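Q:
Number of protein chains: 2
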Amino acid sequence: MAKYEKIADDLRARIRAGEWGPGDRLPAETPDLTGQYQTSLPTLRQALAVLVAEGVVDKMHGRGNFVRKPRKLVVRTNERHQWEKDRARQPEETRRQTGATEHDTGLTVLDLVFKAEFRRIEAPESLAGLFAVPAGTGLLERTYRTRYREEREPFNVARSYLLYDMAEASPELLDPSREPWPGGTQNQLFTIGIELDRVEERITARPPTIEEADELGLKAGVSVIALRKISHSTDGRVVEVSDVVLPGDRTELVFTTPLSRW
Amino acid sequence: MAKYEKIADDLRARIRAGEWGPGDRLPAETPDLTGQYQTSLPTLRQALAVLVAEGVVDKMHGRGNFVRKPRKLVVRTNERHQWEKDRARQPEETRRQTGATEHDTGLTVLDLVFKAEFRRIEAPESLAGLFAVPAGTGLLERTYRTRYREEREPFNVARSYLLYDMAEASPELLDPSREPWPGGTQNQLFTIGIELDRVEERITARPPTIEEADELGLKAGVSVIALRKISHSTDGRVVEVSDVVLPGDRTELVFTTPLSRW
DNA sequence: GAGTGGTCTAGACCACTGT
DNA sequence: CAGTGGTCTAGACCACTCC
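Here is the structure:
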């Protein structure tokens with residue numbers, strides 16, 4: 002076993018044993034830890050890199066290395082879809098009070114800050130296939146960033162796609178200044194005569210790309226959950242595709258599958 | 002911007018531009034790349050570490066650095082639960098033919114190899130809470146490893162928990178040599194008079210622990226999906242809890258949520 | 001055995017954080 | 001300004017893969 006692995010194992014064991022608790026600073030790389038382990042700085046740093054990749058240690062330039070605190074989870078359920086559907090036909094006053102994210106998280110509209118950007122794009126192959134239209138068809142791309150009011154980085158970035166021709170039926174849907182829209186996308190679809198039959202969600206996890214790490218304020222070595230939501234209308238079409246990137250270490254997705262009785 | 006970041010950016014751009022395709026070997030670290038970028042070996046390796054963390058490059062000791070091939074996905078749907086329930090009361094001959102994993106992946110029983118280990122444990126706080134029993138209550142812990150016949154490492158490790166007193170009602174359930182059980186857990190529960198009402202799944206993503214990376218044969222820096230499945234019976238009890246760890250870069254979870262009509 | 005990546009050293013200098 | 005981590009060098013030797 003390599004020296005840096007032995008050091009990483011030992012530090013991990015000391016942390017698990019409680020020698021340093023969550024939020025505590027570890028001894029300085031130089032001269033403390035290099036001295037304790039009788040090693041050079043690069044080797045010690047390689048050991049620390051292992052613990053950072055495992056999510057055990059946070060490095061902070063100029064301050065020190067810290068035992069990572071467990072992150073506060075953001076929960077996202079699949080019950081939100083039925084909830085949002087039930088709400089889509091309520092009066093605006095009701096819809097304005099709270100959205101699906103608040104429903105999941107138990108927060109209020111005031112705790113969260115939204116930012117929306119809209120643009121028209123031509124459908125790439127992958128999206129065109131889902132919508133069953135030719136590549137190059139016009140799509141409305143809407144980018145949403147949601148963050149806690151007290152935090153700087155958003156905790157999710159979502160990109161939603163609608164057929165441009167379809168969205169155009171109601172010019173208000175093309176106006177980003179009307180976001181956050183009371184009642185969400187299902188209400189928007191309702192205003193143009195569309196009812197959803199089911200929502201399909203596909204989930205994978207992977208390391209963040211450079212751009213995502215930047216956008217979500219993630220440390221190198223954590224994971225993101227990539228969720229693609231595909232909304233099917235009652236007349237059998239795909240009417241919305243939404244790609245959401247969530248920080249893996251602070252998101253919990255909850256799906257409930259009801260079963261029919263024997 | 003640091004030198005190693007510039008090098009990483011340049012290499013990433015060259016890969017995206019197709020200078021090397023999926024599966025191709027990059028030029029040797031020494032002397033090729035260090036020469037091209039006029040840098041020392043450690044700095045070049047730091048640049049490569051960035052690309053490995055992003056999942057763009059695979060390092061293979063003694064062979065070279067390779068552009069990563071797009072991973073083959075293993076799909077897991079939530080329709081499997083209803084499918085398994087429908088199957089639970091079928092004759093053994095029908096149940097024996099295929100299981101839920103094969104249903105999801107389109108593979109046959111012959112493509113997959115199972116390994117099962119059983120033991121009796123005392124419920125830790127976290128599990129006791131879910132089952133609504135006192136901590137220390139006896140649980141049957143069943144560990145399953147599934148792998149492709151041609152691969153060495155399993156693609157998932159699952160740990161399933163049942164109340165020991167409940168499982169004991171049918172001694173066959175305590176016998177690991179009877180696995181894989183035709184019809185899966187829902188058929189096992191059927192034999193002791195239990196019907197499921199719904200299945201709840203909670204999902205997070207995180208870096209693998211040392212033990213998981215080892216067990217699943219993962220490279221450092223990839224992500225795992227941790228899925229906890231909680232099965233609720235028609236009489237309102239939690240009857241099974243199952244923890245599954247899946248390699249994030251080759252698993253796609255698909256959840257379909259049907260919506261009731263307006 | 002040739003080629004390739006993996007580990008490690010000793011030390012210099014830069015950049016960030018907090019007092 | 002002191003303390004801390006971040007970057008970088010030049011080179012030695014080890015371990016793995018494949019011919």
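Quick mapping for you: the protein sequence lines, in order, are chains A and B.
Just remember that this note's numbering sits 1 ahead of the position in the first sequence, which is counted from 1.
Just remember that this note's numbering sits 1 ahead of the position in the second sequence, which is counted from 1.
Every residue, glycine too, gets a C-beta built ideally from N, C-alpha and C.
It should be emphasised that the depicted structure is a prediction, and the values quoted were computed from it without experimental measurement.
1. Going along chain A, which residues have a C-beta under 9 Å from residue 256 of chain B?
2. Using the beta-carbon of each residue, which ones in chain A are nearer than 7 Å to residue 226 of chain B?
3. Starting from residue 82 of chain B, find everything on chain A with Cβ-Cβ shorter than 8 Å and list it in chain order.
4. Check each candidate in B:55, B:211, B:47, B:115 and name the one with the smallest Cα separation from residue 177 of chain B.
5. Chain A beta carbons: is any one of them nearer than 8 Å to that of residue 250 of chain B?
6. Output the residue ranges of the alpha helix (DSSP H) runs that lie fully inside the stretch 8 to 90 of chain B and measure 4 residues or longer, sorted by chain position.
7. Please report the residue range of the alpha helix (DSSP H) in which residue 202 of chain B lies.
8. Can you tell me which residues form a DSSP beta bridge with residue 146 of chain A?
9. Check whether the Cβ atoms of residue 67 of chain A and residue 26 of chain A lie closer than 8 Å to each other.
10. What is the rounded straight-line gap between the Cα of residue 124 of chain A and the Cα of residue 241 of chain A?
11. For residue 76 of chain A, does the count of other Cβ atoms within 10 angstroms reach 16, so buried, or fall short, so exposed?
12. In three-state terms, what does DSSP make of residue 248 of chain B?
13. Between B:258, B:255, B:248, which lies nearest to residue 56 of chain B when the distance is taken from Cα to Cα?
14. Please list, in chain order, all residues of the same chain as residue 82 of chain A whose beta carbon is under 6 Å from its beta carbon, the five residues on each side excluded.
15. Pick helix, strand or coil for residue 141 of chain B, following the three-state DSSP scheme.
16. What span of residues does the alpha helix (DSSP H) with residue 228 of chain B cover, start to end?
17. Which of the three DSSP states, helix, strand or coil, is assigned to residue 211 of chain B?
18. With C-beta atoms as the reference, is residue 258 of chain B less than 8 Å away from residue 188 of chain A?
19. For a test of the three-state rule: what should DSSP assign to residue 169 of chain B, helix, strand or coil?
20. Listing by chain order, which chain B residues have their CB less than 9 Å from the CB of residue 211 of chain A?
21. Look up residue 180 of chain B in the DSSP assignment and say whether it is helix, strand or coil.
22. Could you tell me which residues DSSP puts in a beta bridge with residue 121 of chain B?
23. Can you name the residues of chain A whose CB is closer than 8 Å to the CB of residue 196 of chain B?
24. Considering only the alpha carbon of each residue, which of A:262, A:234, A:245 lies closest to residue 261 of chain B?
25. My output table needs one value for residue 127 of chain B: the three-state DSSP class, helix, strand or coil.
26. Using a Cβ distance threshold of 8 Å, determine whether the stretch 2 to 22 of chain A contacts the stretch 47 to 64 of chain A, with at least three qualifying pairs required.
27. Kindly confirm or deny that the stretch 121 to 140 of chain A and the stretch 104 to 113 of chain A touch, where touching means at least three C-beta pairs closer than 8 Å.
28. Which residues in chain B sit within 8 Å of residue 90 of chain A, going by Cβ to Cβ distance?
29. Reducing DSSP to helix, strand and coil, say where residue 192 of chain B ends up.
30. So that I know if they touch, is there some Cβ in chain A lying closer than 8 Å to that of residue 60 of chain B?
31. Please confirm whether residue 31 of chain B has its beta-carbon closer than 8 Å to some beta-carbon of chain A.
32. State the Cα-Cα distance for the pair residue 6 of chain A and residue 104 of chain A, rounded to the nearest angstrom.
33. Residues in its own chain within less than 6 Å of residue 180 of chain A by CB, not counting five upstream and five downstream?
34. Closest by CA to residue 165 of chain B, which one among B:137, B:39, B:97, B:185?
35. With 8 Å set as the bound, which would you pick, yes or no: does the beta-carbon of residue 116 of chain A sit closer than that to a beta-carbon of chain B?
A: On the basis of the supplied data:
1. 79, 200, 201, 202, 203, 204, 254, 256, 258
2. 206
3. 258, 260
4. B:115
5. yes
6. 42 to 54, 80 to 88
7. Looking at the DSSP string, residue 202 of chain B is not in any alpha helix (DSSP H); the run it does join, the beta strand (DSSP E), is 197 to 207.
8. A:116, A:158
9. yes
10. 13 Å
11. exposed
12. strand
13. B:248
14. 200
15. strand
16. Where residue 228 of chain B is concerned, there is no enclosing alpha helix (DSSP H), although the beta strand (DSSP E) it sits in stretches over 225 to 234.
17. helix
18. no
19. coil
20. 9, 10, 13, 51, 55
21. coil
22. B:141
23. 262, 263
24. A:234
25. helix
26. yes
27. no
28. 263
29. helix
30. no
31. no
32. 45 Å
33. 117
34. B:137
35. no
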